[in-house]
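*Asks:*
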Amino acid sequence: MEKRDRYIKRINRSLSLMRFEIEQLNKINLTDYNIIAENFYKDLLVFYGFELKNLNEKKYNAESIDLVDEENKIAIQVTSRNDAKKIHDTIKGFNKPEYDEYKQLIMFLIGKPKLKYKADFTKKNLFSFDKKKDIIDVDDIIKKFRSYPAKQLEPIVDFLEKKSEINEKSDPDGKSLRFIEHFDFLMTKYGRFISIYTGALLEAKSDIDGVRVNKINVYLQNLSDDYLTKYSNNPKDALNELVNYFETEISTSNTNYDRLAIEFYLLDELINCNVFPNPKT
């Protein structure tokens, strides 16, 4: 494999892990990690073309804006939310007199990817905001990095290595290394489903009490581990058979089901280490 390809895979893996960790923690209302991510991206975005400062260091608990590029007069809101209301609220806050020196607002979504927004964020041209250019997410960062030659990618990889404590925190059990050959495939598939199924999954889980959750977790761990052993530690094959198993079980009592929803649920539980649990040491 060429050096450039190795660099791209390393960058994609690191940033994807961090994004999914943020999503998982936000699901249980643990948002402190967003502050760590905010400073991490302040430094990473130098490679994207920005020269950023954390506005919260200059002005404690600054509203609407987190990072600023003083030279280019750009203000950036770093957020794990991707809903239209968050964008509307940020634009409204950005248009206060205290931010008059900045000419452009960028929404940087570090959790769920951006959507196809139908809303008019300009309020009929009252505000200046281009939803096609001024909303970026982690996928946009990765996409731009993919266009770089190996020489430009190397310092990015070095940066990620120096920030390894963040990456270790994002993947404490080393699942990405355990399934390294299949990791990108599984993460990409999970990412495609997030905007479609996350809401329904959270709603379904909210009705399950703690005792049942523990029972489900143990059941998934045992069953998925059996399938993983059967398929020689190949998570793609084992996951496919797990989906087939649950599809068969559900179809006996309910013909109205969604196979992709089953797959998303199992991928979500894989990230939570309830599917293909890591070996006990």
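If you read the sequence shown in the working numbering, its first letter stands for residue 1, the second for the next number, and so on. Don't be surprised by glycine CBs; every beta carbon is placed ideally from N, CA and C.
Between the C-alpha atoms of V243 and L266, what's the straight-line distance to the nearest angstrom?
*Replies:* 8 Å
*Asks:* Under the assumption that D137 contacts K114 (Cβ atoms under 8 Å), give the Cβ distance between them as a whole number of angstroms.
*Replies:* By a beta-carbon distance limit of 8 Å, D137 contacts K114. Their separation comes to about 5 Å.
*Asks:* What is the DSSP secondary structure of K132, counted as helix, strand or coil?
*Replies:* It is coil, neither helix nor strand.
*Asks:* Check for me: the alpha helix (DSSP H) holding L239 runs from which residue to which?
*Replies:* P235 to S251
*Asks:* Under 8 Å, do I76 and F108 count as touching if we go by C-beta distance?
*Replies:* Contact flag set, yes.
*Asks:* Would you call the stretch 181 to 201 and the stretch 209 to 217 in contact, with 3 or more CB pairs under 8 Å?
*Replies:* As far as the Cβ criterion goes, the stretch 181 to 201 does not touch the stretch 209 to 217, which means the pair count is below three.
*Asks:* Short of 6 Å in beta carbon distance, which residues of its chain neighbour K103, apart from the five on each side in sequence? Order them along the chain.
*Replies:* K73
*Asks:* Let me know the secondary structure DSSP gives I208 once reduced to three states.
*Replies:* coil
*Asks:* How long is the line joining the alpha carbons of D140 and T252, rounded to whole angstroms?
*Replies:* 43 Å
*Asks:* Determine, using beta carbons only, whether V275 and L186 come nearer to each other than 8 Å.
*Replies:* Going by C-beta atoms, V275 is not nearer than 8 Å to L186.
*Asks:* From which residue to which residue does the beta strand (DSSP E) around T90 run?
*Replies:* For T90, there is no enclosing beta strand (DSSP E); the enclosing alpha helix (DSSP H) covers residues A84 to F94.
*Asks:* Taking all protein chains shown into account, do 16 or more other C-beta atoms lie within 10 angstroms of the C-beta of I196, making it buried, or fewer, making it exposed?
*Replies:* With fewer than 16 neighbouring CB atoms inside 10 Å of its own CB, I196 falls in the exposed class.
*Asks:* In or out: G111 buried (at least 16 other Cβ within 10 Å) or exposed?
*Replies:* Around the C-beta of G111, 16 or more other C-beta atoms lie within 10 Å, and the residue is accordingly described as buried.
*Asks:* Output the distance between the C-alpha atoms of E241 and R259, rounded to the nearest integer angstrom.
*Replies:* 12 Å
*Asks:* Quick one, are the C-beta atoms of G93 and E71 less than 8 Å apart?
*Replies:* no
*Asks:* DSSP state of N167, grouped into three classes?
*Replies:* In this prediction, N167 scores a pLDDT of 47, lower than 50, which makes its location untrustworthy; the coordinate-derived value is nonetheless stated afterwards. Reduced to three states, the DSSP call for N167 is helix.
*Asks:* Answer with buried or exposed for E101, where buried requires no fewer than 16 other C-beta atoms within 10 angstroms of its C-beta.
*Replies:* exposed
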